[in-house]
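Protein chains in written order, with the UniProt record's numbering: chain C, 1 to 276; chain Y, 1 to 276.
The beta-carbon is built from N, C-alpha and C at its ideal position, and this holds for glycine as well.
If you're wondering where the values come from, they're calculated on a predicted model, not measured in any experiment.
There are 2 protein chains.
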Amino acid sequence: MTTVGYVHGYSAHETRRLGDQADTLAQLLHAGTTYPAGSRVLEVGCGTGAQTVHLATSSPDAHFVAVDVSDASLAQARSRVAARAPWAQVDWVRADLHDLPFADAEFDHLFVCFVLEHLPDPARALAGLRRVLRPGGTVTVIEGDHGSALFHPDSSYAHAVIGHQVRLQSAAGGNALLGRQLQPLLTGADYADVVVEPRTMYADDTRPTLVDGFTRNTFIAMVESVRDEALAAGLTNRADWDRGIADLHRTAADGGTFLYTFFKAVAVNPGAGRPS
Amino acid sequence: MTTVGYVHGYSAHETRRLGDQADTLAQLLHAGTTYPAGSRVLEVGCGTGAQTVHLATSSPDAHFVAVDVSDASLAQARSRVAARAPWAQVDWVRADLHDLPFADAEFDHLFVCFVLEHLPDPARALAGLRRVLRPGGTVTVIEGDHGSALFHPDSSYAHAVIGHQVRLQSAAGGNALLGRQLQPLLTGADYADVVVEPRTMYADDTRPTLVDGFTRNTFIAMVESVRDEALAAGLTNRADWDRGIADLHRTAADGGTFLYTFFKAVAVNPGAGRPS
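Here's what the structure looks like:
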């Protein structure tokens with residue numbers, strides 16, 4: 001993650017946003033992910049610990065190693081986990097995921113959530129991570145895909161502001177449309193038994209907690225956070241930007257609906273060589 | 001359904017396509033829909049009986065009345081159900097859903113699948129249907145939404161051909177982007193306890209049956225079926241059309257992925273007046 005310019009988690013606002021996001025999404029994304037007591041699990045790119053809390057909650061007796069490239073994020077992650085999952089067994093390690101200070105096959109499982117979307121070469125990252133995973137161990141990868149955003153009332157201005165976020169993430173070396181590629185990426189990196197599932201978040205008037213927690217405080221907040229960058233890059237002007245954001249907020253108002261799909265993949269390290 | 005020009009189910013090819021679609025999708029769409037023994041269920045717009053077979057399979061002791069505006073479709077539906085669900089109790093009735101020959105509150109439940117998308121005024125249709133539903137009875141509505149189509153490799157040509165299908169359906173008085181509107185539509189038609197769930201179909205190399213049954217034989221076949229109409233309307237030219245279809249087929253080839261979201265709504269008739 002040293003190789004990209006766009007990394008989450010450096011402002012208080014961002015930290016709160018990522019916390020909100022993790023809380024609302026936790027059940028959707030973490031369902032099905034539990035690790036046996038005593039297993040060694042590497043969380044790659046833990047950021048400020050938003051997912052670490054949920055990993056430790058779902059698997060209280062697993063032993064986690066959480067890696068991030070940023071000392072500041074690790075400090076926040078450590079205090080978040082201490083406050084919200086004090087039982088958690090987590091070793092915090094500052095490292096670049098492309099150059100991990102671990103032995104071959106040292107981990108039983110890998111967990112990689114909202115990380116590949118920021119990497120210029122996610123295929124290379126996945127192939128490299130396989131080195132530290134024991135044969136038969138699993139990798140779990142979770143990514144969103146902004147192309148899945150679907151809402152009522154529809155609005156070309158709203159789609160445009162989402163498009164600006166996609167373009168900026170792409171210019172920074174990432175890919176906000178990566179979810180749909182998880183299966184070919186994992187297969188191409190020589191993982192076996194790849195299973196990808198869509199996990200779809202849907203909010204309307206009948207689910208006010210999701211409208212607030214997801215549509216407003218996660219998705220719209222994420223798009224709004226690139227406003228200055230989008231204007232500075234000349235992708236849009238203030239009037240069009242404001243209209244796009246206002247139209248997104250209409251999808252969170254009475255009679256509005258909002259849908260977004262995450263992709264969750266689990267795959268196995270078949271060991272040396274290509275999978276059979 | 002007499003009020004629209006675009007109606008499924010008149011050619012042998014279409015009939016086979018809708019049969020394939022129902023088989024592949026049945027588990028996804030019908031999960032959770034079962035009616036008690038002896039209950040009276042109205043299927044509105046049964047077409048060629050693709051869903052009727054699954055309704056009768058999931059609720060073998062319910063009594064169905066299946067309505068369609070087309071005698072030809074009803075004849076096909078009757079023979080399909082006789083062959084595939086011979087135990088089914090179904091009365092077949094030719095009628096316009098806007099002018100149903102039934103008494104007030106005659107049915108315990110209504111089932112309306114892939115019908116509203118063809119109507120110029122789905123809100124009016126839903127409000128009208130409420131007349132024949134007893135207070136406390138449920139309506140189940142299922143619709144797709146072509147805006148949810150997401151695929152790898154991405155292709156602007158592929159999105160364009162999907163857009164042509166959307167435009168033609170719209171010109172015929174329908175709306176291929178209706179799924180996202182089910183909650184406000186049902187609420188606006190004075191139904192209560194509205195619950196909408198996304199039901200997402202996802203296909204990749206690891207799910208060859210879905211790639212074939214859904215991506216190729218349902219979705220791409222549906223788009224391909226409007227080729228002549230799209231060319232005649234001047235929406236596209238042969239080269240661009242062929243490229244769009246070829247790009248869609250790439251999403252069903254090695255390394256391709258395809259995702260589509262249906263919306264399933266269940267709501268209750270609160271009786272006379274507005275819901276509390």
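TODO: For Leu25 of chain Y, decide whether its Cβ has a neighbour in chain C, counting only Cβ atoms nearer than 8 angstroms.
DONE: no
Task: Rounded C-alpha distance that separates Ala239 of chain C from Thr52 of chain C - done: 39 angstroms
Open item on the list: So that I know if they touch, is there some Cβ in chain C lying closer than 8 angstroms to that of His152 of chain Y?
Closed with: yes
- [ ] Give the DSSP-derived three-state secondary structure of Tyr157 of chain C in the structure shown.
- [x] helix
Open item on the list: If you follow the beta strand (DSSP E) that Gly136 of chain Y is in, where does it begin and where does it stop?
Closed with: 133 to 143
Open item on the list: Give me, in chain order, the residues of the same chain whose beta-carbon lies closer than 6 angstroms to that of Lys264 of chain Y; leave out the 5 immediate sequence neighbours on both sides.
Closed with: Ile142, Glu197, Arg199
Open item on the list: Within a Cβ cutoff of 6 angstroms, which residues of the same chain sit near Ala107 of chain C, ignoring the five residues on either side of it in sequence?
Closed with: Note that residue 107 of chain C is Phe in the sequence shown, not Ala. So the qualifying residues of the chain are Arg40, Leu42, Val132, Leu133.
- [ ] Determine contact between the region 166 to 184 of chain Y and the region 240 to 253 of chain Y, defined as no fewer than three beta-carbon pairs at a distance below 8 angstroms.
- [x] no
Open item on the list: For a contact defined as C-beta to C-beta under 7 angstroms, what are the partners of Ala39 of chain Y on chain C?
Closed with: Ala is not the amino acid found at residue 39 of chain Y; the sequence shown has Ser there. Ordered by position in chain C, no residue passes the 7 angstroms Cβ test against Ser39 of chain Y, which lies about 25 angstroms from the chain.
- [ ] Report yes if the C-beta distance between Met201 of chain C and Leu25 of chain C is below 8 angstroms; otherwise report no.
- [x] yes
Open item on the list: For Asp145 of chain C and Leu178 of chain C, what's the separation of their Cα atoms in angstroms?
Closed with: 6 angstroms
TODO: Alpha carbon to alpha carbon, how far is Ser155 of chain C from Asp247 of chain C? Give it in angstroms, no decimals.
DONE: 7 angstroms
Open item on the list: Does the CB of Arg94 of chain Y have a neighbour CB from chain C at under 8 angstroms?
Closed with: no
TODO: Could you tell me if Asp68 of chain Y is buried or exposed, where buried requires 16 or more neighbouring beta carbons within 10 angstroms of its beta carbon?
DONE: buried
- [ ] Anything in chain C within Cβ reach of Pro198 of chain Y, meaning under 7 angstroms, just list it in chain order.
- [x] Thr200, Tyr202, Leu259
Open item on the list: Which of the three DSSP states is assigned to Pro208 of chain C in this structure?
Closed with: helix
Open item on the list: Just to confirm my understanding: we take Tyr6 of chain C, look at its own chain, exclude 5 residues before and 5 after, and list those with CB closer than 8 angstroms. What are they?
Closed with: Only weak support is given to the placement of Tyr6 of chain C: the predicted model assigns it a pLDDT of 38, under 50, and the value that follows is read from those uncertain coordinates. Excluding positions up to five away in sequence, the list reads His118, Leu168, Gln169, Ala172, Gly173, Gly174.
Open item on the list: Under 8 angstroms, Cβ to Cβ, is there at least one residue of chain C near Gln181 of chain Y?
Closed with: yes
Task: Test: Thr209 of chain C CB closer than 8 angstroms to a CB of chain Y - done: no
Task: Closer than 8 angstroms to chain C by CB, Leu206 of chain Y - done: At residue 206 of chain Y the sequence reads Thr, which differs from the Leu that was named. Closer than 8 angstroms: yes.
Task: Span of the alpha helix (DSSP H), counted from its first residue to its last, around Gln89 of chain C - done: First-last for Gln89 of chain C: 89 to 94, but that is the beta strand (DSSP E), not the alpha helix (DSSP H).
- [ ] Using a Cβ cut-off of 8 angstroms, pull out every chain C residue sitting near Leu177 of chain Y, in sequence order please.
- [x] Asp154
Task: 8 angstroms contact criterion, which Ala88 of chain Y and Thr48 of chain Y should meet: CB distance rounded - done: With 8 angstroms as the limit, Ala88 of chain Y and Thr48 of chain Y do not qualify as a contact, their Cβ atoms being about 15 angstroms apart.
TODO: With 7 angstroms as the limit, tell me which residues of the UniProt domain "Methyltransferase type 11" (42 to 139) of chain Y have their beta carbon closer than that to any beta carbon of chain C; keep them in chain order.
DONE: none
Open item on the list: Using a Cβ-Cβ distance cut-off of 8 angstroms, determine whether Ser148 of chain C contacts chain Y.
Closed with: yes
Task: Beta-bridge partners of Thr261 of chain C, as assigned by DSSP - done: C:Thr200
TODO: For Asp145 of chain Y, decide whether its Cβ has a neighbour in chain C, counting only Cβ atoms nearer than 8 angstroms.
DONE: yes
- [ ] Give the straight-line distance between the Cα atoms of Phe258 of chain Y and Arg216 of chain Y, rounded to the nearest whole angstrom.
- [x] 10 angstroms
Open item on the list: Between Gly137 of chain C and His98 of chain C, how many whole angstroms is the CB-CB distance? I'm expecting something under 8 angstroms.
Closed with: Not really, about 19 angstroms apart at Cβ, beyond 8 angstroms.
TODO: Please classify Ala203 of chain C: is it buried, with 16 or more other beta-carbons within 10 angstroms of its beta-carbon, or exposed?
DONE: buried
Open item on the list: Would Pro270 of chain Y pass as an interface residue toward chain C - the criterion being a Cβ-Cβ separation below 8 angstroms?
Closed with: no
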